[in-house]
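Down below is the structure, laid out as structure tokens.
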Amino acid sequence: MKPKLRAGILGATGAVGQKFIELLANHPWIEITAVAASQRSAGKKYGDVTNWLSGTPIPLSIANLEVQDCIPNLDCDFVFSGLDASVAGEIETSFAQAGYPVISNSRNHRFSPNVPLLIPEVNPDHLSLMKEQKFGKGFIVTNPNCSTTGLVIALKPLHDQWGLEQVNVVTMQALSGAGYPGVASLDILDNVIPYIGSEEQKMESETVKILGKIENKAFKNASIKISAQCNRVAVMNGHLECVNIKLKTKAKLDAIIQVWQNYQAEPQQLKLPSAPNPLIYYFTNEKYPQPRLHRDLGNGMAVSIGRLRECPLFDYKFVVLSHNTVRGAAGGAILNAEILIAKGLLTTR
């Protein structure tokens, strides 16, 4: 057994930071040795300053850690970032410049040159551009927006097999995607909010980058037309998305289902600790998938699909469900770290 890599958590007191801590408890490859947050929390015990949101207790070893400032002098090999976008860009850059690998859940560097926007089951080849970053021993890897992740995992096997021309997606996104305290109860109870700031643009731009290729040491977007409409609904966890697709070549309905069910990617082949197997669940029950019933499949890392049928405007339409705070946030970033470790790209400092 190799020694565990030491991780620091930036933005550790926030909702995403807490999810990192919850998911990394007893991780076989990674241990948390530092927690960092805003100056108002620095110098105090983590357990004393954190409004803990999980149903499981704060790990005692973490509760007793002293919260530090988000400056690059943490005793760790790399950092996970759950920082708010208002501060994440500058702080993450400072850590990378100081030689820390940064595995980020924040949006700030998703379209920076040579920064992979990574879903390990979809585009692990994009990690090759990390060496073009100008941070010395440090680097930055990001994961996509939570609504993008489930969609792209569903699209990847189809794009590989038949090619995609057009995608239309309408989302019903969980409250936890808005962070804590999130949406006011009087705004969301008995209601649906048909707008999430910049969410539609994120889905449209991130999807084509992730499904794109590397040419001449740069990312080249996939030539897919995509339109997104995003809604906030009164569900705690789990983003449900209604998707319409037009394929480049014809495909039979049964063949599409088989491709989803048989899809195996590098994380599953490497048996990474957080990699779900199967990655994709397909349900024949026309009422599935549902957030309350299926969001926790694969420990929240799997993607559920159902209701595949022909579409009179496109070729096919279907429904996708993924856990937004696990697969779409902290869990996705942890899987990113795991594939970096497995490839020898993330090691002790």
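No gaps in the numbering here: position 183 of the sequence shown is 183 in the numbering used here, and each next residue is one more.
Think of the CB as a built atom: it goes at the ideal place given N, C-alpha and C, for glycine as much as any other residue.
- Runs of the alpha helix (DSSP H) lying entirely within the region 111 to 172, each at least 4 residues long, are 146 to 162 in chain order.
- Sequence-distant Cβ neighbours of THR249 in its own chain, meaning closer than 8 Å and more than five residues away, are TRP162, GLY163.
- In this structure, the beta-carbon distance from ILE32 to ILE62 falls below 8 Å.
- CYS230 is bridged by DSSP to THR171.
- ILE71 counts as exposed, since fewer than 16 other beta carbons sit within 10 angstroms of its beta carbon.
- Taking 8 Å as the upper bound for CB-CB distance, GLN173 and ASN231 are in contact here, some 7 Å apart.
- The DSSP-derived three-state label of GLY197 is coil.
- Your pair GLY182 and GLY328 does not check out as a contact, with CB atoms roughly 15 Å apart and the cut at 8 Å.
- DSSP places VAL87 in the uninterrupted alpha helix (DSSP H) bounded by 85 to 97.
- Contact between GLY82 and GLY11 holds: their C-beta atoms lie close to 4 Å from each other, under 8 Å.
- Look at the beta carbons and you see the region 136 to 144 touching the region 327 to 341: at least three pairs across the two are nearer than 8 Å.
- Taken atom to atom, the span from the alpha-carbon of GLN261 to that of TYR282 is near 7 Å.
- Listed as beta-bridge partners of VAL79 by DSSP are GLY8, VAL102.
- Boundaries of the alpha helix (DSSP H) around GLU266: 266 to 270.
- In the assembly as shown, VAL169 is a buried residue. Its beta-carbon has 16 or more other beta-carbons within 10 Å.
- With a beta-carbon spacing of about 5 Å, PRO289 and GLY306 fall inside the 8 Å limit used to define contacts.
- When Cβ pairs closer than 8 Å are counted between the two stretches, the region 198 to 206 is seen not to touch the region 262 to 271, the count staying below three.
- Residues VAL208, LYS209, GLY212 of the same chain have their beta carbon placed closer than 6 Å to that of ASN221, with the five preceding and five following residues left out of the count.
- Residue state for TYR46 is assigned as helix, using DSSP reduced to three classes.
- According to DSSP, residue pairing for PHE219 in a beta bridge involves ILE214.
- DSSP places LEU321 in the strand class (E or B) of the three-state scheme.
- If you draw a straight line from the Cα of LEU23 to the Cα of PRO273, it is about 11 Å long.
- Excluding its 5 nearest sequence neighbours in each direction, GLN133 has C-beta neighbours in its own chain below 8 Å: ALA96, ASN114, VAL115, PHE139, ILE140, listed in chain order.
- In its chain, beyond the 5 residues on either side, no residue has a beta carbon closer than 8 Å to the beta carbon of SER185.
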